[in-house]
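All remarks here apply to the structure that follows.
Numbering (the numbering used here), first residue to last: 30 to 244.
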């Protein structure tokens, strides 16, 4: 046991290796399919080292997910401050969402696991917080757009749900078609489709030609 705690004091970058190992395994095998033993073996440390940095497997999952989502949330807040019109805000949100998926493919798989895990399965986190944060943000933008006359044909909640469904379909596709490139053009084309509709005949939205670009 003394040797184990000596290793804890002398380990360099052990926490980073544990996070990298957990991220790789969670994204490949899922939360339920990943064991503590596999995580520590992948990181090249002992079990006491893991418990020095993390409470349990759930704590590892949380510390992987929360920083990425917090950065994304800050980006959304900046968008609201820097854009005044509905379509400008929505295009910026779509670009940020696609960029997040491009830059963090493994984190996206964790988010999908969190969203679609059975009620009694997966990490025991307050999933409602993660699900509602972006929805409430978009709902507020839709409401402002409706009040200004920039949007019509629905209520704020329905419009927010529709856009989230469209964006998340693209992001989910990225998780099982890794060669798919979610470009800024695809993001803006998606909002053109949402904003103008598929029957828009003058300068048709770019998404109607090719939403995905394959590498």
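All C-beta atoms in this analysis are idealised placements derived from N, C-alpha and C, irrespective of residue type, glycine included.
- Query: If we ignore side chains and look at the alpha-carbon of each, how far apart do residue 59 and residue 209 end up?
  - Reply: 22 Å
- Out of 183, 207, 162, point me to the one whose CA is closest to residue 100's CA. 162
- Task: Identify which residue in 65, 70, 54 has its Cα closest to the Cα of residue 142.
- Result: 54
- Message: Under 8 Å: do the region 78-87 and the region 168-177 share three or more Cβ pairs, one atom per stretch?
- Response: no
- Of the listed residues 137, 47, 103, 94, nearest to residue 80 (C-alpha basis): 47
- Where the alpha helix (DSSP H) through residue 153 begins and ends: Note, residue 153: premise wrong, no alpha helix (DSSP H); not H, not E.
- Please name the residue in 204, 193, 130 whose C-alpha comes closest to that of residue 212. 130
- Message: Taking only three categories from DSSP, how would you classify residue 75?
- Response: coil
- Query: Residues in its own chain within less than 8 Å of residue 91 by CB, not counting five upstream and five downstream?
  - Reply: 152, 154
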